[in-house]
Amino acid sequence: MGKNTHLCCFSLLLLLLLLFAGLASGHQVLFQGFNWESWKQSGGWYNMMMGKV
């Protein structure tokens, strides 16, 4: 096997190790969306949400 193949395998192994270590840590990433057009609502964003809840 060539030097590039060893480097590729090592990089893949390192990537998988970091991925599984991140999953095992219990930390999660939350992506939250926001309605940017909500600023146009009369009464404010909070009152608009209270009306929908």
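Here the UniProt record's numbering is used: the first residue of the sequence shown is 1, the next is one more, and so on.
C-beta atoms are modelled at their ideal positions from N, C-alpha and C, and glycine is treated no differently.
Check: Distance cut-off 7 angstroms: L12 Cβ against heavy atoms of the ligand NAP; Outcome: Ligands in the displayed structure: none, and consequently the ligand NAP is not present.
Check: Local conformation of G51 per DSSP, three classes; Outcome: helix
Check: Nearest-angstrom Cα separation, counted from N47 out to G33; Outcome: 18 angstroms
Check: DSSP state of S42 mapped onto helix, strand, coil; Outcome: coil
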